[in-house]
Every structure is written in structure tokens, then in C-alpha cells.
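Each residue of the sequence shown is one higher than the one before, starting from 1441 at the first, in the working numbering.
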Amino acid sequence: MSVTVFTLTKDVKMVLITESLTFPEQLTHLVFSRNDEIPCRPGLLWYLESGIVRTVTWNEEDAIVTLGYWGVGDVVGQPLSGLSPYRMECLTSVETTSIPAQHWHHFLDGIRAHSRQSEELFSIVRSERIYTRLDKLLIWLGKKFGRSVPQGTLIDLRLTHQHIAESIGTTRVTVTKLLKELEEEGKILRQQRYYILLH
1441 MSVTVFTLTK
1451 DVKMVLITES
1461 LTFPEQLTHL
1471 VFSRNDEIPC
1481 RPGLLWYLES
1491 GIVRTVTWNE
1501 EDAIVTLGYW
1511 GVGDVVGQPL
1521 SGLSPYRMEC
1531 LTSVETTSIP
1541 AQHWHHFLDG
1551 IRAHSRQSEE
1561 LFSIVRSERI
1571 YTRLDKLLIW
1581 LGKKFGRSVP
1591 QGTLIDLRLT
1601 HQHIAESIGT
1611 TRVTVTKLLK
1621 ELEEEGKILR
1631 QQRYYILLH
């Protein structure tokens, strides 16, 4: 397999695989840096090989609404949402492979998982109490992005209080207050910009 790397911008490189192990055509691999946006293309999905992506839209008040958090093995893209506006933000450095429509059938497991995870997050946001939304979101993030540490499960994802607020439909100030409550109750431990779900 031969690989050719093209620099598109200072932070974005395109890697062309001239012989694919799965498909006869060339597949395009892109590397993005933290805070980059993955481009939205009609008829194109993205398979995440590494890193973490957040998908968002805006409501009528121009407030950001988080649609999901996605990691290794997930499939993302506007065709799975249908919402406009729609944005895919890289929360870490990310490696992706583009999936043209004619190959979507090879990624049905990832597409089904996308739907399932979207429904899980929707059910969290529909919890009546904001405290419950936050608690459930942290547990969900721990299952998806967590790794075991002596104290419990470290959520291996740096999220700002604003990111969390946009995920559960509240304000940054409320999130800060409730995170302190969870710490005082012994449910979580803050370690720099990471959170540990305690045993």
C-alpha cells in the first residue's frame, strides 16, 4: 500500500491511499487539528479513526445545541442528521476517512450506532431536573470515553462548562454550580480539566 500526503493548510493534511484493503477505489483520509471543523458535504459521511468530534446546530435564538459526541469507530455527517445548520467540531486532533454514498452499506453498523447514541442523548436532555441531566451525561460520557483509574472512571475528554451547558440545555453558571454539588456529594472528582466518576 502506498501513501501520498498533501498539505492543504498549515493544520490539515490529506492522505491518499492508492491501494485500499476494503474498496477498489481510492479513499480520502484527512487529518484535522483540535478546533478544526470537518467539512459538510452532501452525500458524504466520515468514519472516525482517531480523536473526538462534537456535532452541533443552532436554535432560533442562535444558541448552540449539541447533537452528539463521537469517537473512534463512529460515523458522522450531515446526511445522518438532516439539520441545517450543522457543524462537526474537532475537540481533539482527528483522523477521518471519507465515505461516499456508494459505500455507506459497508458502514451500516456505524450508522445504526449513530442513531442509537443520538436517541440516548435525547433521552438525557429530556430529563426534567437539570441535575439529573448533568449526572446522566457524565455517566454516558464515562461509558463512551472513560478509562479505568484507581479512583473510578476518568472521562478522557476535556470539556468546558460551556460545552456541558450546551449539551444539556442550561447555562454555564448552572453547570459550574451543579458540578460543585456532585463533587461535594462524592460522585465526581475534578483532576485538572478532566472529571473522574468515583466508585
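Positions of the beta carbon are idealized from the N, C-alpha and C atoms, including for glycine. Small disclaimer: the values here were computed from a predicted structure and weren't measured.
#### Entry: Residues near Glu1439 by beta carbon distance below 7 Å, same chain, minus five either side
In this structure the chain extends from 1441 to 1639, so residue 1439 is not present and cannot be described.
### First and last residue of the uninterrupted alpha helix (DSSP H) at Tyr1487
Unbroken run through Tyr1487 is the beta strand (DSSP E), Leu1484 to Ser1490; no alpha helix (DSSP H).
#### Entry: With 16 other Cβ atoms within 10 Å as the buried cut-off, status of Gln1518
buried
### Query
Going by alpha carbons, who is nearest to Gly1491 out of Leu1507, Tyr1526, Glu1477 and Glu1535?
Glu1535
### Message
Tell me the DSSP secondary structure of Ser1558 in three-state form.
### Response
helix
#### Entry: Beta-carbon proximity list for Leu1461, same chain, < 6 Å, skipping 5 on both sides
Note on Leu1461: pLDDT 36, under 50, position unreliable in the model; no value is reported.
### Query
For Pro1464, which residues of its own chain have a beta-carbon under 7 Å away from its beta-carbon, when the five flanking residues on both sides are left out?
Interpretation of Pro1464 is limited by its pLDDT of 34, a score under 50 that renders its predicted location unreliable; the figure taken from the coordinates is listed afterwards. Cβ within range, chain order: n/a, list empty.
### Query
Given that a residue counts as buried once 16 or more other Cβ atoms are within 10 Å of its Cβ, and exposed if not, what is Leu1548?
exposed
### Task
Select from Ile1595, Ile1608, Thr1600 and Thr1611 the residue whose C-alpha is nearest the C-alpha of Leu1629.
Ile1595
### Task
Would you kindly work out how many angstroms separate the C-alpha atoms of Gln1542 and Lys1617, rounded to a whole number?
48 Å
### Task
For the alpha helix (DSSP H) holding Ser1607, just list the boundary residues, first then last.
His1601 to Ile1608
#### Entry: Identified DSSP bridge partners for Pro1540
Leu1484
### Message
Which residues does DSSP list as the beta-bridge partners of Val1613?
### Response
Paired residue(s): none; Val1613 is not in a bridge.
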